[in-house]
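One structure is given here, and the rest of the page talks about it.
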Amino acid sequence: MGIKTFRRSPSAYYVVGQSLVDVNVLLILLFQIIPSTSLSVSSVTCKLMVFFVQVTTTAAMSFLCLSAFDRWACTSQSARIRQLSSIRVARFFFPIPFILW
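Here is the structure:
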């Protein structure tokens, strides 16, 4: 699959979304480790960091599930299910992991 074909693929939306969320998880964990070793962190800040890590990790898993669903839909024998693998559907589902979690 070429780059231009991948950009037009609905699963590209899910892969980009998962990548953005994964980068956020790494940044949150980095910011959690650095202050905890050098400064005293309030319990509220610590709890918020744990909350954001859990939310972003769950959103990343949701994007993985959406990508797997898209791959299943595009390889289905049923034309009705194959219609679910479209950019229009991907644009509709893209914000759901952010809203849901």
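Heads up, the sequence shown is in the working numbering, so the first residue is 3 and it goes up one at a time. Every residue gets a Cβ at the ideal spot worked out from N, C-alpha and C, and that includes glycine. Since this is a predicted model, take the numbers as computed values, not measurements.
Spatial distance of residue i from residue j (CA atoms)
i: residue 91; j: residue 28; result: 29 Å
i: residue 48; j: residue 54; result: 10 Å
i: residue 98; j: residue 32; result: 26 Å
i: residue 73; j: residue 14; result: 11 Å
Segment limits, alpha helix (DSSP H) that includes residue i
i: residue 59; result: 45–76
i: residue 99; result: 98–102
i: residue 10; result: It is not in any alpha helix (DSSP H) - residue 10 carries neither H nor E in the DSSP assignment.
Proximal residues to residue i (C-beta, below 7 Å), its chain only, five neighbours per side dropped
i: residue 84; result: 75, 76, 78
i: residue 95; result: 68
Pair within 8 Å by beta-carbon distance, residue i and residue j
i: residue 51; j: residue 30; result: yes
i: residue 16; j: residue 86; result: no
i: residue 71; j: residue 19; result: no
Cβ neighbours of residue i in the same chain (closer than 8 Å, five flanking residues each side left out)
i: residue 88; result: 12
Beta-carbon contacts of residue i that lie in its chain and below 6 Å, excluding the five residues immediately before and after
i: residue 62; result: 20, 23, 24
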